[in-house]
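So the structure is just underneath, and the comments pick up after that.
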Amino acid sequence: MTDTIHHTLKTVFGFHQFRSPQQEVIERVVAGEDVFLVMPTGGGKSLCYQIPALHRDGIAIVVSPLIALMKDQVDALLANGVRAACFNSSLSPDEARRVSRQMVSNELDLLYVAPERLMQPDFLERLATLKLALFAIDEAHCISQWGHDFRPDYTQLGKVRPLFPGVPMVAMTATADPETRKDIIRQLGIEQARVYVAGFDRPNITYTVMPKQKPFAQLGAFLSNRRDEAGIVYALSRKRVDQVAERLRAAGFAAAAYHAGLPDAERRRVQDAFRRDDLRIVVATVAFGMGIDKPNIRYVVHYDMPKSVESYYQETGRAGRDGLPSEALMLFGMGDVMTARKLVENSDNAERVRIELQKLNAMVAYAEALTCRRRALLAYFGDQREQDCDNCDICNDPPQRFDASELARKALSCVYRVGERFGARHVIDVLRGAKGQRIMDLRHNELSTYGIGAELSSVEWDNVFRQLIHLGYLVQDFTRFGALGLSPAARPVLKGEVQVTLGLPRDVAKVEEKTRRKSGAGEGAHRALFEELRSVRKQIADAASVPPFVVFSDATLVEMAKSRPSDEQELLSVTGVGEHKLRKYGAQFLAAINEYRLRTVPGGDIGSLSLTLSDTQRDTFNLYQQGLSLQELALRRGLKDLTIVSHLEELLAAGLDIDLRRFVEADKIPLIEARLEKMGAVGLTPLKDGLPESISYTDIRLVRGAWGKGKAM
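Offset between the sequence shown (1-based) and the working numbering: plus 2.
Next comes the structure, spelled out in structure tokens:
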């Protein structure tokens, strides 16, 4: 079985190896066992039912919550040559009849349906007449009231197991704490399922939380460096979404609003434009995102704090599904907590309110934390890590600690003096000696604490109060509009018996600069080719009326730009290129790469290529100077041999001092040179056809790089 599923992985989906625990999950499902899988977004959950569907008899039924998500996944499967369709309310009568015929005629490997469609009696009766390969329940957390995105339609899925007891079921989610996992398994009736938790880490995402000061200005500064990248900006209310989208458009950004209050046609237009890379920024409520299977979202911004850590993780997880560096920015202010709490408490279900308040408190604790974001996030899901991540705002710019005992006493005293009846904004105004009418009316200008904190700005006092709340010295009463009160822990501080250590506000500019250095789809000389390949992909996608990522992901294009394959065999070695896509798109991408090469290697004008080498090429050259072999270079760099060969070819072409004979046997060099003189700058295959079998493609590439530069002597 192992060899056959590996063959499918490569030839159909274009991947060279499984991620943990994909292979074991696939083998279990192929063998007919139930599986419950928790795997981060972008971790490859879909392969865990798509490959078994191709190795079991019958049709696989995939339950998915949103029509747009079904369509994206079906488009991607069709692009890989897999027989797939969706059956939902968006189909015309003719299309629905066509899919029905395909179902009964054994012309489908996978059929995507919404939960309400699956549970219709006539549809279940039809399924009972068919050979079923498996049931796959995507976004399985929707079945649980403990989950952050509970959907009543999902609760009916518990009836599937008794109706089809012999059909294996695989349930999947990216976000489920231990309590939610137990609830999902119980409700689906798969108590015997093998449970796999692949971890929750998304190492390619940089997590940042900024104090919300001038939110639109902060958002604009963040987006101004990312105009060519796709992203989502989340806000909690429709009104806020509309306002932010309108201001972004006025500032020259390609942005659109998306929320449930818009007409269906407008929402479809925005979603399609975003999927097709015709729209860069979507400003949305949480209604947007679950239905998006777009892997090249480079950032997610939370303009307002989400209501739970699960929501935050799920929404930030929509960035960087292709594995390339991506960013998650949250703007956090004390007012966010009150807004979120009002939304939570707007329910008649007391148990639901209790659960969501617990989750909200955990979200606030995350936003206030001064420790590694990733460790805090993973710890929430029970995934404990011993090392900091070096890829969040706290790690990039650790907060400096200082003795804040005197400031804490001033803050706590002022809260006490105003009668523990006011929120932080009013208390800060009193501390700073503000002369507002309300302060005068309340005679708070006569308090002993009036003006004793004038040395700090409002923003600096905001930072102090947030930390005092987080550390448990102050409590907020949300039934009284966030009024601050003293906790029992405050008394020793007021008496001077306890030292209070706080963190200084971090240098946001420094965090931003470090984040930008880690981000980006390509660098140096690779970036130009990456952009050309992206243009080719867009033309192909538009002609086929599919999103660009259905053709190839950004990650695949980056690998093409770095390795610069010369023929079909080399292109097939690029991750994400399967045999079907090679036949369908290979010629156009090879033509673009070869055309680019002709402009930048001998036979074209290399000009100042040596001055535009990327950092990764320079790293390879530095290691070459240490005397490493090709295989040692690949091992040290953590790259494929093919990528190192591409680096060496470009370094040779740029005229750097590389001894070709360290990599190519001396007697082969003149044979390859003679062939180059005869054939000129053509692809590798025509060159190799006239050379002895002992001469490899690597030999040809390296000699070709040196050809015409006097290096192959």
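Glycine included, each C-beta is placed from N, C-alpha and C at the ideal position.
At least three beta-carbon pairs within less than 8 Å, the stretch 221-233 to the stretch 400-417: no
Close beta carbons around R278, own chain, < 6 Å, minus the five adjacent residues each side: P549
V420 versus E499: straight-line alpha-carbon distance, rounded: 23 Å
DSSP-derived helix/strand/coil call for P213: strand
Nearest candidate by alpha-carbon position, reference S328, set A232, Y368, A286: A232
Q342, enclosing alpha helix (DSSP H) - first and last residue: Residue identity differs from the one stated: residue 342 is Ala in this sequence, not Gln. Run containing A342: 336-347, per the alpha helix (DSSP H) assignment.
K47 versus I28: straight-line alpha-carbon distance, rounded: 10 Å
Those runs of the alpha helix (DSSP H) which lie wholly inside the stretch 561-610 and span at least 4 residues: 570-574, 581-602
Per-residue burial, L678 [other beta carbons within 10 Å of its own, 16 or more giving buried]: buried
Alpha-carbon to alpha-carbon, R300 and G750: Nothing in the structure corresponds to residue 750, since the chain is present only between 3 and 715.
Length of the line joining the Cα atoms of E141 and S698: 47 Å
Span separating the alpha-carbon of Y209 from that of L654: 39 Å
C-alpha gap between K12 and V576, whole angstroms: 10 Å
In DSSP terms, what Q478 is bridged to: L486
Close-in-space but distant-in-sequence residues of the same chain around G609 (CB under 6 Å, 5 per side omitted): Since pLDDT at G609 reaches only 38, below the 50 mark, its modelled position is unreliable, and the value read off the structure follows with that caveat. Once the five neighbours on either side are set aside, G609 has no close Cβ partner at all.
Environment of G16 [buried if 16+ CB atoms lie within 10 Å]: buried
Classification of A708 by the beta-carbon crowding that lies within 10 angstroms, buried from 16 upward: buried
Nearest-angstrom beta carbon gap, T622 and H649 [assumed within contact, 8 Å]: 4 Å
Best match in K642, Q439, L372 for proximity to G505 [C-alpha to C-alpha]: L372
Cβ-based burial, S521 [other Cβ within 10 Å; buried from 16]: Because the pLDDT of S521 is 49, which lies under 50, any placement of that residue in the model is unreliable, and the question is left without a value.
Beta-carbon proximity list for A557, same chain, < 8 Å, skipping 5 on both sides: P297, D324, G325, L326, T577, G578
Beta-carbon spacing of S565, L644 below 8 Å: yes
CA nearest to the CA of R387, picked from V246, R599, C374, G453: C374
Cβ-Cβ distance between V288 and E317 below 8 Å: yes
Check whether W463 and L486 have beta carbons under 8 Å apart: no
For A557, the three-state DSSP class (helix, strand or coil): helix
Residue closest to H9, alpha-carbon to alpha-carbon, out of Q619, A258, P217, H57: H57
DSSP bridge partner residues for I674 (one or two, in chain order): DSSP lists no partner for I674.
Terminal residues of the beta strand (DSSP E) in which F467 lies: Unbroken run through F467 is the alpha helix (DSSP H), 460-472; no beta strand (DSSP E).
For E667, the three-state DSSP class (helix, strand or coil): coil
Boundaries of the alpha helix (DSSP H) in which A410 is found, first to last residue: 407-419
Cα-Cα separation, N206 to A176: 16 Å
Meets three-Cβ-pair contact criterion under 8 Å: the stretch 92-106 and the stretch 76-83: no
H304 - containing beta strand (DSSP E), residue span: 299-304
For A286 and Y236, believed in contact at Cβ under 8 Å, the rounded distance: 6 Å
Cβ-Cβ separation, A594 to V538 (assumed contact under 8 Å), whole Å: 5 Å
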